[in-house]
Every structure is written in structure tokens, then in C-alpha cells.
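Here UniProt numbering is used: position 50 in the sequence shown is 50, and no number is missing along the way.
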Amino acid sequence: MMAAVLEAPGNLTLRVVEDPVCSEGGLILKVEACSICSTDVKMIRRGQKDLVYPRILGHEIAGTVFERDGIGPRVGERVQVFPGIFCGRCPSCRRGAENMCERIRIFGFNLDGGFAEYLLVPRESVRNSGVFPVPDGVKFEDAALAEPLACCINAQERVEVGEGDSVLIFGAGPAGILHALLARERGASMVVIVEPLERRVDLARSFGADLVVSSGGEDLAAQADEATDGKGFDVAILASRDVAVDDDLLALLTPGGRMSLFSGFPFDLAAPRLDLNQLHYREILIVGSYGCTPAHNRRALDLISGPLDVGRLITERVSLAEISRGMEHADKREGLKAVVTDFGG
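Right under this line is the structure:
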């Protein structure tokens, strides 16, 4: 079969590899759609802590069951694959935080992923609710966006976005737009997006943001003050790694406000200097968020089959042979989501 293989940092090649063999209790998926994540671009450029070479990338996957061994989805069934395979026994798994599993394995990181004609889904994934039926009427390319939406659900649950909240989102990339759509669905009364790239400002407006601010600093503070009548935002979501976490950012929040650190930060970033008394006296919460669980994934598919039109985020469709163009589309931030939808099989 053909696959996009990351041989080493900076070396993504399209080549023939052996077809996967169905393992005991597992299944073989004919990949129909695999969307490109900014993490894929980062891994190509500089690797990742869980990445093992050579590796077929791709972790936002949907397809058709081609072969199976034992129980699980039937051959021909349309499914979406949760990217993590967890142990089910560690303390994190036992409390329902499978994304924190001590022994987690991830498609496209330390297991071969979805940028290939076929994918081996092992027994542990099938057994531990890692394979989800794609609801009737949902396209494969839309189902492939369940995982990034599930990550947003995790973050917004952790900072309790709810009815009447004013929400400030940094970044109008795919994650930022998904956060905006999700916040509305959860009852937010106001959604404001900060995005410095002019080509994404218009995109953000088209997704229904109440206000899109194209700059930070004093201008952002003034516009935030006007938008919230001086009260500050209930929630801030950092869906960009290019945000300074400082006292000026904390000042944008109302007393009791919550901040979600959704995007990872550069490892060489200097530790932020914060006035901890702001956290203390104003009861500001700063909450981390990483990945998602199968429960979040299930809720994401429910939303995709219902009120959320995630297909609007797809601005580039490429074949597997054109995957470099898709990666470039994501890297240059020209649009939103690029999805591989033609695998040539």
C-alpha cells in the first residue's frame, strides 16, 4: 500500500509499505479521510516526545472496516478511530482520564497512523471503545474532525464554559474556530476572537464571532473593556501558542474568571512572571488541557451529526499523493483544515 512515512525530522516520503496484517481481535480499516493537524506539521519539522521513526503519521482518522478478527464493527461499517490506546488499569484510566494514561499509545505517534491506504487497529483499541460508528448522514471528512473537536470539549468542560458566559479566544485557526462554535453551543452569550493574521480575521467573522480583534496590547484591553462593559471575560481560551501569559492577560478576566491553556507552549519559553495576588484576590483559575478521552470523542460525534457544521472548516482537500500540499496549507495557515480524502486504493 502507499503511505506517507516520516523517516526523520524534515523527511516525509510517500512510498510503498507492506499492507498491515489483521491481528487477533483487531481490524483493518480502509482509510477514507485523515485530517491534517498542526501537530503533524510540528512533528515533521522537529519531532515529538512520543514519536518513533520511521512512522506513518495521521491521527484524525475515519474509514470503512475492511477486515476484522472477532467482535467489533462489521466489515463495511463506517467508523471513526479514537487516536489513543490506553491501558485501562492505571490510576488515570480508572478515574476516566484516559488521556493521562501512563502507557498510552497513539496512532501517528508511536503507532502507524492514517496517512495510508489501510490502518491496523489492534484489539486493545476495539475492546476499549476506540472505534466509533460514524452517524448516518455524516461524511467521512467531517467525522475525521471528531478528535480535534473532542479536545475542545475537554478544555471547555474543564473551565466550565456555560450559559451566559463571555468567552475570549486567542487564535482563529481550526482549534480556535472549533472553540468558538462549541462555546456558542454550550450557551456562551459573547464570543470574541483575537487573531493577528488578516487572512484569518475574515474567516473568524464568517463563523459568527461577535468581535474579532486583530491586535493585542492596549487596543485589545480597550476593546475588551468596551465589549464586556468593563466587567471582563468569564473565560479565556488560549488556542494559540503565541500568547503572552502575563498580568495584562489576567486583567482581561472578570473576578472568578477561568483561563484554559489549550495549546502547548514552546519548550524554550521563559517562565511567565505573574502577580500571584491577582490569582488569589480575584480567584482566577488557570487550567491546563491536553487531548481528550473516548467520552469526549463520543460527544463530539453527536455534535457533528447534529448542530455543529464542522465541514465549513475544511478549506483544502488533497489526495495522499498530494499530502505535501496539504501540509503546506496547514503550515502557512492559509485557510483552516486540510484533509486527505483520496488514498488511491
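We put the beta carbon where it would ideally sit given N, CA and C, even for glycine.
Does the beta-carbon distance from residue i to residue j come in below 8 angstroms?
i, j, result
"Arg258", "Val159", "yes"
"Ser215", "Arg241", "no"
"Ala33", "Ala144", "yes"
"Leu119", "Val201", "no"
"Cys292", "Asn99", "yes"
"Ala300", "Leu149", "yes"
"Val121", "Val131", "yes"
"Val235", "Leu211", "no"
"Ser189", "Asp165", "yes"
"residue 346", "Pro266", "An answer regarding residue 346 cannot be provided, because it is not within the stretch 1 to 345 covered by the chain."
"Phe107", "Ile61", "yes"
"Val75", "Asp331", "no"
"Gly84", "Leu29", "no"
"Val65", "Pro54", "no"
"Glu67", "Leu12", "no"
Can you give the Cα-Cα distance for residue i and residue j, rounded to whole angstroms?
i, j, result
"Val318", "Arg325", "7 angstroms"
"Arg282", "Asp275", "11 angstroms"
"Cys37", "Asp229", "37 angstroms"
"Glu328", "Asn277", "44 angstroms"
"Glu198", "Ala204", "10 angstroms"
"Ile71", "Val21", "17 angstroms"
"Asn110", "Asn297", "20 angstroms"
"Phe82", "Ile56", "16 angstroms"
"Gln80", "Leu285", "34 angstroms"
"Cys152", "Val213", "21 angstroms"
"Val310", "Gly58", "19 angstroms"
"Cys101", "Tyr290", "12 angstroms"
"Ile237", "Leu261", "6 angstroms"
"Ile78", "Ser23", "For clarity, residue 78 is Arg in the given sequence; the question names Ile instead. Each residue's Cα considered, the two are about 20 angstroms apart."
"Asp69", "Cys90", "27 angstroms"
"Gly96", "Ala244", "32 angstroms"
"Glu147", "Ala222", "35 angstroms"
"Leu253", "Leu279", "11 angstroms"
"Ile177", "Cys87", "32 angstroms"
"Gly10", "Gly47", "9 angstroms"
"Asp183", "Ile169", "For the sequence presented, residue 183 should be read as Ala rather than Asp. Their backbone Cα atoms lie some 10 angstroms apart in a straight line."
"Leu181", "Ile323", "28 angstroms"
"Ser92", "Ala155", "17 angstroms"
"Gly162", "Ala172", "21 angstroms"
"Val16", "Ala8", "17 angstroms"
"Phe343", "Lys49", "28 angstroms"
Please name the residue, chosen from the options, that lies closest to residue i on a Cα-to-Cα basis.
i, options, result
"Met1", "Phe233, Leu14, Gly10", "Leu14"
"Gly114", "Leu220, Cys87, Leu250, Phe140", "Phe140"
"Arg312", "Gly344, Phe207, Gly288", "Phe207"
"Pro307", "Asp248, Gly187, Ala295, Glu322", "Gly187"
"Arg105", "Asp342, Glu124, Ala97", "Glu124"
"Ala3", "Leu211, Leu320, Val75", "Leu320"
"Val167", "Leu269, Ala239, Phe107", "Ala239"
"Leu6", "Val52, Val243, Asp19, Gly25", "Val52"
"Leu335", "Ile85, Ile169, Val161, Pro174", "Per the sequence shown, the amino acid found at residue 335 is Gly instead of Leu. Among Ile85, Ile169, Val161, Pro174, the Cα nearest to that of Gly335 belongs to Pro174."
"Pro135", "Ile304, Lys332, Arg333, Ile314", "Ile304"
"Asp219", "Gln156, Gly344, Asp248, Lys231", "Asp248"
"Arg333", "Ala183, Leu279, Glu195, Arg95", "Glu195"
"Gly256", "Gly232, Pro9, His179", "Gly232"
"Gly25", "Glu185, Val126, Ala183, Asp142", "Val126"
"Ser35", "Ile28, Lys49, Glu18, Ala116", "Ala116"
"Thr315", "Lys337, Ala330, Arg74", "Lys337"
"Glu157", "Leu269, Asp342, Val287, Ala227", "Val287"
"Thr341", "Leu27, Lys49, Asp142, Asp50", "Asp142"
Using DSSP bridges, identify the partner residues of residue i.
i, result
"Asn11", "Ala8"
"Thr64", "Lys30, Arg78"
"Ile169", "Ile193, Ile237"
"Glu322", "Bridge partners of Glu322: none, in fact."
"Asp342", "Ser319"
"Val16", "Met2"
"Ser35", "Glu60, Val339"
"Ile85", "Arg105"
"Arg55", "Leu6"
"Ile71", "In DSSP, Ile71 forms no bridge with anything."
"Ile314", "Lys337"
Taking only beta-carbon positions, decide if residue i is within less than 8 angstroms of chain C.
i, result
"Met190", "The displayed structure is made up of one protein chain only, and chain C is not part of it."
Is residue i near the ligand SAH, in the sense that its beta carbon is under 7 angstroms from a heavy atom of that ligand?
i, result
"Glu334", "As for the ligand SAH, it is missing from this structure, which has no ligand bound."
Within the UniProt domain "Alcohol dehydrogenase-like C-terminal" (176-305), ranges of the alpha helix (DSSP H) (whole runs, at least 4 residues): 198-206, 217-227, 247-250, 276-281, 294-304
Minimum length 4: unbroken alpha helix (DSSP H) runs contained in the stretch 90-165: 91-94, 123-127, 140-143, 146-158
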